[in-house]
Amino acid sequence: MADDSSNRGESQQSFLDSLIKRHVLQAAAIYIAVAWGAVEILITVQEKLGWHPMISTWATRLFVAGFPFVIILAWRRDIESRLIRFAMAAGAFVVAGIALWLTLSTDPVERTTRPAADPVNAAIATVAILPFENSTGDASLDYLAKGFTSELIGRLSKHPDLAVIQEESLGSPSLFGLIPAAQATALRADYMIQGKVLREGGHLEVTASLQDLDGNVLWSDILREPYSAAGVTAMQRRISGEVSRVLGTTLDAPAYCGETSDLEAMELYYRGRQLIGKRNLDDALAGVELIKQAVEKDPYFGRAWNEAGNGNWYASGQFWSRKDREQAGLKQQMAISAYRKALDICPTIGMAYKVIVPPYEDAENKIIDQEMQWRDALAMDPNDAAMLRQYFYHLMEGGMLQEAIEVMQRAYEIEPLTAMIPAQYAHGLMKAGRCEEAIPLAEEADRLGGHPSASIKVNCYMEAGDIDGVLEATAAMVAYGLEDPYEHIGLPGPDVVAAMFDSEHESRPYVATRLRELWEENTDFMANDNVYWIIDMAVTIGEYDLVFDMLDGIAQPDGDFHGYTIAWSPLFANKSGANGLRSHPRFVELLNKTGLPAYWRTYGWPNGCEAEGDSFRCF
1413 MADDSSNRGE SQQSFLDSLI KRHVLQAAAI YIAVAWGAVE ILITVQEKLG WHPMISTWAT
1473 RLFVAGFPFV IILAWRRDIE SRLIRFAMAA GAFVVAGIAL WLTLSTDPVE RTTRPAADPV
1533 NAAIATVAIL PFENSTGDAS LDYLAKGFTS ELIGRLSKHP DLAVIQEESL GSPSLFGLIP
1593 AAQATALRAD YMIQGKVLRE GGHLEVTASL QDLDGNVLWS DILREPYSAA GVTAMQRRIS
1653 GEVSRVLGTT LDAPAYCGET SDLEAMELYY RGRQLIGKRN LDDALAGVEL IKQAVEKDPY
1713 FGRAWNEAGN GNWYASGQFW SRKDREQAGL KQQMAISAYR KALDICPTIG MAYKVIVPPY
1773 EDAENKIIDQ EMQWRDALAM DPNDAAMLRQ YFYHLMEGGM LQEAIEVMQR AYEIEPLTAM
1833 IPAQYAHGLM KAGRCEEAIP LAEEADRLGG HPSASIKVNC YMEAGDIDGV LEATAAMVAY
1893 GLEDPYEHIG LPGPDVVAAM FDSEHESRPY VATRLRELWE ENTDFMANDN VYWIIDMAVT
1953 IGEYDLVFDM LDGIAQPDGD FHGYTIAWSP LFANKSGANG LRSHPRFVEL LNKTGLPAYW
2013 RTYGWPNGCE AEGDSFRCF
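The number in the working numbering is simply the position in the sequence shown, starting from 1, with 1412 added.
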């Protein structure tokens, strides 16, 4: 037995001596070091230039797969150690070169005509990144703490399985004076991130912690770096990485890229972004001017170019609402130009992608093209509330009411204290005939300053045939300072309501005649928001020919059907049956004009419509 043990020991020692003699261990160590270095370089370049995140992943897999071959080669006596080292180093660079070639020879964002995955993923957690505190005692440095917070929100928002509270809700007056835990509760978050920023001489110190709502600290750290753009970026990357690790995110996040190494450009960007975020025209224009200075200092600062696009896009909308179409058009072109430069530098910026990416060449029609573009853009920025809101309208106009509601649920998770979000959410629920859910949400939007509840109630009561409810809600619109929709289009409100619901139909001819006059007299009908009220009233009194005449004026071929959401009102469905509006031959004809049936065959039929042979029917 002793001899056996001795023999095993000698054998093991002999094997170890052979590994050393043949340079196997040395070769393995060199290979691991070279592979690790190459992957780290790829990760850094990938993040900087916005390459696809799977590039470094596949490089790692290639290196792992190559490891056994290196060991086998090293074991062979006829291969010198120097040759082995050379071969391994060359192999590492070859692998890196292959990864680089694959990246440069492929579009930064995969574009396909196949139906993409659902862009709205279920969130494993809702996170509120509360505004970091400026601990310097110098109010002039508030922009630094706010900018740090904004960039941290941007980084974590890239994760599709996290719902990250966005900045507009964080600035809600309803949070003022509340302790952090109460703020997070009001935001309906599961977790909160708190932090402090302290600038001392040439260094920046950041204290950050991740907590649940019971106050349990899940992660915390104190980070200190030289006060430079690279140092600030490194801390933001570290915090976002640790938070995503602790919360257990499982889906790959697109690269957060387009940053700067110029400190002054970063500071100008922070200041400009803060002004643009105030959501008024004068501040937005001033913010864009600061952003322009930032990109003059660093023309490759992709995130600054994107913010210039955001600021000009917002300004365009403000000028449009003031009926200054010349300035609106100019700012829109400036926004498109800025977005294009941003996307050239960083190809994973969702809004920039949606605005400027060319159409899908193989798309069957415009709505299919738009659907794919929206899904691509939201895959890049799944927590972008502005994009979710616009995607909601796209789905609504296509009759995909349930899908639209789910999108607004996500928007409501990340922007719970911004009035327009619950207002839109309520609108979607109302269109789906879920007034019992829509009205409380609309009233919540009222409390936040949006005042949509009266309009929602007008629609709900109109569909229910509740004359008194319609009159009460119309009066409330006037009390809010909103225009009486009926008076605004030239009809006295109470008389119109009475006429619409007149059981004897004696007053309806007057209403029908006046509605048609309004339609025929209005040369710029789509510019008039009251088109929807007029259509609703025409449906209510059964003037279907007038309804279809007006809808024919809205609908355009190839899926360009902006404003067509009215067709999916439950008011239409309530008129279903043998003589129902959606059963009318002109309804099918109208939908074929828009290209919607092809969209539905690709992405699924909406509630209320179904395939019928080579055609379809709606009800």
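A virtual CB, placed ideally from N, CA and C, is assigned to each residue, including glycine.
Roughly how many angstroms separate the alpha carbons of E1818 and H1806, rounded to a whole number? C-alpha separation (whole angstroms): 13 Å.
Buried or exposed: T1645, going by 16 or more other Cβ atoms within 10 Å of its Cβ? Buried, because 16 or more other Cβ atoms sit within 10 Å of the Cβ of T1645.
6 Å Cβ shell around C2030 - same chain, five flanking residues per side excluded: The beta carbon of C2030 sits closer than 6 Å to the beta carbons of R1994, G2020, C2021 from its chain, once the five residues preceding and following it are set aside; these are given in chain order.
Is the Cβ-Cβ distance between A1866 and A1844 less than 8 Å? Judged by their CB atoms, A1866 and A1844 are not nearer to each other than the 8 Å cut-off.
So, using beta-carbon positions, are M1808 and A1816 closer together than 8 Å? Note that the C-beta distance between M1808 and A1816 is below 8 Å.
Contacting residues, own chain, Cβ-Cβ under 7 Å from G1614 (five flanking each side not counted): Closer than 7 Å at Cβ, skipping near neighbours: P1638, Y1639.
According to DSSP, residues forming a beta bridge with G1607: For G1607, which the question treats as bridged, DSSP gives the partners A1620.
Run through DSSP, which three-state label would H1464 get? Confidence at H1464 is low in this model, with a pLDDT of 44, below 50, so the placement of that residue should be treated as unreliable; the coordinate-derived value is given next. Looking at H1464 - three-state DSSP - the assignment turns out to be coil, as it is neither helix nor strand.
At a cut of 8 Å, does the stretch 1594-1604 reach the stretch 1821-1840 through at least three beta carbon pairs? Inter-segment contact for the stretch 1594-1604 and the stretch 1821-1840 is present: three or more beta-carbon pairs are separated by less than 8 Å.
Coarse secondary structure for V1923, derived from DSSP in three states: Of the three classes helix, strand and coil, the one that applies to V1923 here is helix, per DSSP.
May I ask you to report which of helix, strand or coil DSSP gives I1634? In the displayed model, I1634 falls within a strand according to three-state DSSP.
Count the other CB atoms within 10 Å of the CB of S1632; is the residue buried (16 or more) or exposed (fewer)? That one is exposed.
Alpha helix (DSSP H) containing E1701: first to last residue? In the DSSP assignment, E1701 falls within the unbroken alpha helix (DSSP H) covering 1693-1709.
How many Å lie between M1678 and E1884 at the Cα? Those two C-alpha atoms are separated by around 53 Å.
D1964 vs L2003 beta-carbon contact at 8 Å: Not a contact, by the Cβ cut-off of 8 Å.
Between the Cα of R1611 and the Cα atoms of Q1623, L1622, I1591, R1636, which residue gives the shortest distance? For R1611, the nearest C-alpha among the options comes from R1636.
Using the three-state DSSP reduction, which class does F2028 fall into: helix, strand or coil? For F2028, the secondary structure class from DSSP, reduced to helix, strand or coil, is strand.
C-alpha gap between M1874 and I1868, whole angstroms: When rounded, the distance between both Cα atoms is 10 Å.
Would you tell me roughly how many angstroms separate the C-alpha atoms of G1975 and N1795, rounded to the nearest one? Low per-residue confidence applies at G1975: pLDDT is 49, beneath 50, and the placement is therefore not dependable, though the value from the model is reported in the following sentence. When rounded, the distance between both Cα atoms is 25 Å.
So Q1739 and G1559 are in contact, right, with Cβ under 8 Å, and what is the actual spacing, rounded? Rounded, the Cβ-Cβ distance is 28 Å, inconsistent with contact.
Reference V2000; option with closest CA among Y2011, F2028, W2012: The shortest Cα separation from V2000 among Y2011, F2028, W2012 belongs to F2028.
Would you report the Cα separation of G1684 and G1583, rounded to the nearest angstrom? The alpha-carbon atoms of G1684 and G1583 are separated by roughly 17 Å.
For N2019, which beta-bridge partners are listed by DSSP? N2019 pairs with nothing; no bridge assigned.
Would the stretch 1751-1770 and the stretch 1717-1734 be scored as touching if the rule is three or more Cβ pairs under 8 Å? Contact holds: three or more Cβ-Cβ distances are below 8 Å.
Ignoring anything shorter than 4 residues, give me the alpha helix (DSSP H) runs that lie fully in the stretch 1557-1617, in order along the chain. Here the runs fully enclosed are 1579-1582, 1592-1598.
Nearest candidate by alpha-carbon position, reference I1651, set W2017, Q1785, L1564: That would be L1564, whose Cα lies nearest to the Cα of I1651.
Contact under 8 Å by Cβ, Y1751 with M1792: Taking C-beta atoms as the reference points, Y1751 and M1792 fail to come closer than 8 Å.
Burial state of T1760, where buried means 16 or more other Cβ atoms lie within 10 Å: Counting C-beta atoms within 10 angstroms of its own C-beta, T1760 has 16 or more neighbours from the protein chains shown and is therefore classed as buried.
Between A1835 and G1862, how many whole angstroms is the CB-CB distance? I'm expecting something under 8 Å. Yes, A1835 and G1862 are in contact; Cβ-Cβ is about 5 Å, under 8 Å.
Relative to the C-alpha of E1617, which candidate in P1771, R1998, E1579, N1546 has its C-alpha closest? Per the C-alpha coordinates, the member of P1771, R1998, E1579, N1546 positioned closest to E1617 is N1546.
Beta-bridge pairing of I1541 - partner residues as DSSP gives them: I1541 has I1605 as its beta-bridge partners, per DSSP.
Could you tell me which of G1811, M1962, A1593 sits nearest to W2012, measuring between CA atoms? The shortest C-alpha separation from W2012 is found at G1811.
Taking all protein chains shown into account, do 16 or more other C-beta atoms lie within 10 angstroms of the C-beta of Q1606, making it buried, or fewer, making it exposed? Q1606 should be labelled buried.
Looking only at its chain, what residues have a beta carbon closer than 8 Å to the beta carbon of A1575, apart from the 5 residues adjacent to it on each side? Here the set comprises A1535, A1537, T1538, V1539, N1795, R1822, E1825, I1826.
Cβ distance (whole Å) where G1670 is taken to contact G1714 below 8 Å: With a contact defined as Cβ atoms closer than 8 Å, G1670 and G1714 qualify at about 2 Å.
Around the C-beta of G1840, are 16 or more other C-beta atoms found within 10 angstroms, so that it is buried, or is it exposed? By the 10 Å Cβ count, G1840 comes out buried.
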